[in-house]
Structure formats: structure tokens, C-alpha cells
Amino acid sequence: MNEILAELRQVFDGAVKDPDGYRIVHGYDSVEKNYLVAKRTIIHSFVVGYVPGAKELAILPVDGDDGALTAGEPLYVTPSTLRSAKKDLQRRYVIRTTDGATVRFTVLPKVPRLLQAAYVLGVEQRDEAAAFAEYFDTLR
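Once you know that position 138 of the sequence shown is 137 in numbering that gives the first Met the number 0, the rest is easy, because the numbers rise by one and skip nothing.
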């Protein structure tokens with residue numbers, strides 16, 4: 000496990016209740032905002048925890064703007080709250096819950112340097128990304 004993924008694990012363990020059964024991956028999403036004279040890209044980072052063999056996820060927004068990773072409020076997804084799990088046309092994972100929450104994210108095996116320059120964490124997670132892709136197929 001690389002250094003950044005280990006740090007994400009610590010943040011996840013500190014923010015999520017009962018974190019022991021979860022495997023984690025780093026996910027991100029970019030949103031473009033168009034203004035009259037400029038375009039702005041906003042990057043959202045997540046630690047996505049999932050329980051192999053169960054339809055349980057904990058999606059934790061993380062922020063690393065000031066050099067230290069901080070956690071937001073986790074979104075817990077259970078079989079009773081999972082409305083849909085699919086991939087969109089951009090191949091992002093899209094999870095919708097029965098209470099109206101929607102989370103979109105991409106899980107890359109290795110983040111390219113160009114994306115690292117755009118404030119995406121430089122995580123290398125080949126095995127983790129492959130395991131999550133297999134797990135996600137069981138959610139559908």
C-alpha cells in the first residue's frame with residue numbers, strides 16, 4: 000500500500016464508525032463550471048470504503064487543500080438505502096440512495112502526472128481498483 004493510500008486509510012478509520020471490515024479505494028470527480036469569461040474545474044476527492052460480499056459502502060469526502068487530509072461527513076450506503084449503482088457515459092461510478100444523495104467518482108489504478116497537477120491525489124492502487132470494479136458489478 001503506498002504512502003498516500005495508507006494516509007487515506009487513517010483518515011477513513013478516524014471518520015467512519017466500525018471501519019475494520021471495509022476495503023478502501025481513492026475516487027475523485029471533477030466538475031467544470033463555466034462563467035462568462037472563464038472556466039473553473041473543481042476536484043472532489045473521496046475515500047470509498049466497501050465491504051466485500053455485502054452491499055455496504057461508506058463514501059467519505061476528503062480535502063487536502065492545506066497539505067493535510069481532512070474528512071467530511073461520510074455517506075453510508077446499505078442494501079435498504081441503495082437506489083441504484085451504475086456507470087455513466089464517462090465511465091464514472093454513480094451511486095444513488097433512497098434519500099436523494101448522488102455520488103459520482105472515478106477510480107483509477109494509477110493517477111497520471113497531469114491529473115496530479117490538477118490537485119488529484121497521486122495514488123497508485125492497481126489491485127484495489129481491480130477489486131473495487133469486481134465488487135461494483137455485484138451492486139447492480
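All C-beta atoms in this analysis are idealised placements derived from N, C-alpha and C, irrespective of residue type, glycine included.
The structure presented is a predicted model; accordingly, all values stated were derived computationally and were not measured.
| Can you round the beta-carbon distance between Val24 and Phe131 to whole angstroms, since I take them to be within the 8 Å contact cut? | The C-beta distance from Val24 to Phe131 rounds to 5 Å, short enough to meet the 8 Å contact threshold.
| Do you know offhand how far Pro51's Cα is from Glu133's? | Distance from the CA atom of Pro51 to the CA atom of Glu133, rounded to whole angstroms, is 10 Å.
| request: Counting only the same chain and skipping the five closest in sequence on each side, list residues whose C-beta sits under 7 Å from that of Gln124. | output: In its chain, beyond the 5 residues on either side, Leu4, Val24, His25 and Pro108 have a beta carbon closer than 7 Å to the beta carbon of Gln124.
| Taking C-beta to C-beta, are Thr105 and Tyr27 nearer than 8 Å? | Between Thr105 and Tyr27, the CB-CB gap stays under 8 Å.
| message | The beta strand (DSSP E) that contains Glu31, what's its start and end? | response | Boundaries of the beta strand (DSSP E) around Glu31: Arg22 to Asn33.
| said: Using the three-state DSSP reduction, which class does Val47 fall into: helix, strand or coil? | reply: DSSP, read as helix, strand or coil, puts Val47 in strand.
| field | Cα-Cα separation between Leu7 and Leu68, rounded to whole angstroms | value | Between Leu7 and Leu68, the C-alpha separation is close to 8 Å.
| request: Can you give me the Cβ contacts of Ser83 inside the same chain, cut-off strictly under 7 Å, excluding the 5 residues immediately before and after it? | output: So the qualifying residues of the chain are Arg95.
| task | State the beta-bridge partners of Ile42 as determined by DSSP. | result | Looking at the DSSP output, Ile42 shares a beta bridge with Ser29.
| Is Ser44 buried or exposed, if buried means 16 or more other CB atoms sit within 10 Å of its CB? | Flag for Ser44 reads buried.
| query | Where Arg22 and Leu120 are concerned, what is the direct C-alpha to C-alpha distance, given to the nearest angstrom? | reply | The alpha-carbon separation between Arg22 and Leu120 amounts to approximately 18 Å.
| said: Would you call the region 70 to 77 in contact with the region 85 to 93, where contact means no fewer than 3 C-beta pairs closer than 8 Å? | reply: Between the region 70 to 77 and the region 85 to 93, the count of Cβ pairs shorter than 8 Å is below three; the stretches do not touch.
| query | So the alpha helix (DSSP H) Arg8 belongs to, where does it begin and stop? | reply | If you look at Arg8, you'll find it in the alpha helix (DSSP H) that goes Glu2 to Ala14.
| query | Alpha carbon to alpha carbon, how far is Ala53 from Asn33? | reply | Going by the C-alpha atoms only, they are around 40 Å apart.
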